[in-house]
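Trainee:
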Amino acid sequence: MSKVTPVNLSSPAHSRDNIFVHDLVIDCHIGVYAEEKGVTQKVRISVDAYLAPGLRTTVDEMLEVPSYTDIIDAVSDSTASRHINLVETLAEEIASRLLKDQRVGGLLIKIEKLERGPIRGVEIYRTR
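Numbered as in the numbering used here, the sequence shown ends at 110 without a single skipped number.
#1: So Leu33 and Val47 are supposed to be a Cβ contact under 8 Å. How far apart are they, rounded?
#2: Can you grab the Cα-Cα spacing for the pair Leu89 / Asp5, in whole Å?
#3: Let me know if Asp52 comes out buried or exposed under the rule of 16 or more other beta-carbons within 10 Å of its beta-carbon.
#4: Kindly give me the distance between the Cβ atoms of Arg110 and Ala(-5), rounded to whole angstroms, as I take these residues to be in contact under 8 Å.
#5: Please report the Cβ distance between Ala62 and Ile106, rounded to the nearest whole angstrom; I am assuming they are in contact, meaning their Cβ atoms lie under 8 Å.
#6: Along the beta strand (DSSP E) that carries Asp30, what are the first and last residues, could you check?
#7: Determine the direct distance from the alpha carbon of Pro100 to that of Phe2, and round the result to whole angstroms.
#8: Could you name the residues of the same chain whose beta carbon sits closer than 6 Å to that of Leu112, not counting the 5 residues immediately before and after it, in chain order?
#9: What is the DSSP secondary structure of Ile101, counted as helix, strand or coil?
#10: Using CA atoms only, rank isn't needed, just tell me which of Val41, Leu37, Val29, Pro35 is closest to Tyr50.
#11: Go ahead and label Arg85 buried or exposed: buried means 16 or more other beta carbons lie within 10 angstroms of its beta carbon, across all protein chains shown.
#12: Can you have a look at Val143 and say buried or exposed, based on whether 16 or more other CB atoms are within 10 angstroms of its CB?
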């Protein structure tokens, strides 16, 4: 039976170890301007999920650490069902979903809009 390493909340928010998904390009209903409503546009999303302190795999099981699928699912769930006005709102929603996992101590999320002239976007850093 696998054992999950407990999270020590009295230590720093996270280690430097991270699970990441970089350069995930999706079609997204996003944007505040009239010409962005009712259409999709490509966004590139990169997420670094920093592990909680002391968390590491010891028995080679996925349940010990967050997975890439957790990150991709958080992005998909956040973008699937509605139009989002602000890139900042999307970043906060992804962060909120991922920080529910006690194995995640911190996040760096970068979202870039790729189709409206020069690449523009937002990058946020959140800890638990």
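Each residue gets a CB set at the ideal place from its N, CA and C atoms; glycine is no exception.
Mentor: To lay it out plainly:
#1: Taking the sequence shown and counting its residues from 1, the one referred to as residue 33 is at position 51. Taking the sequence shown and counting its residues from 1, the one referred to as residue 47 is at position 65. Approximately 6 Å separates the beta-carbon atoms of Leu33 and Val47; this is inside 8 Å, confirming the contact.
#2: Translated into positions along the sequence shown, residue 89 becomes position 107. Translated into positions along the sequence shown, residue 5 becomes position 23. Looking at the two C-alpha atoms, the distance is approximately 15 Å.
#3: Here the question's residue 52 lines up with position 70 in the sequence shown. Counting Cβ neighbours within 10 Å, Asp52 comes out buried, since at least 16 surround it.
#4: For the purposes of this step, residue 110 is taken as residue 128 along the sequence shown, with counting starting at 1. For the purposes of this step, residue -5 is taken as residue 13 along the sequence shown, with counting starting at 1. Indeed, because the Cβ distance is near 6 Å, the residues count as touching under 8 Å.
#5: The sequence position of residue 62 within the sequence shown is 80, counting from 1. The sequence position of residue 106 within the sequence shown is 124, counting from 1. Not quite, the Cβ-Cβ distance comes to about 21 Å (not below 8 Å), so this is no contact.
#6: Start at 1 with the first residue of the sequence shown, and residue 30 comes out as number 48. Per DSSP, Asp30 belongs to the beta strand (DSSP E) from 23 to 33.
#7: Here residue 2 is taken as the residue at index 20 of the sequence shown, counted from 1. Here residue 100 is taken as the residue at index 118 of the sequence shown, counted from 1. Take the alpha-carbon of Phe2 and the one of Pro100: they are about 25 Å apart.
#8: Residue numbering for the chain in the displayed model covers -17 to 110; residue 112 lies beyond these limits and cannot be assessed.
#9: Within the sequence shown, residue 101 is the residue found at index 119, counting from 1. Note: Ile101 maps to coil in three-state DSSP.
#10: On the sequence shown, position 68 is the one that residue 50 refers to. For the residues Val41, Leu37, Val29, Pro35, the minimum Cα distance to Tyr50 belongs to Val29.
#11: Walking along the sequence shown from the start, residue 85 turns up at place 103. Arg85 should be labelled buried.
#12: Here the chain covers residues -17 to 110 and nothing more, so residue 143 does not appear.
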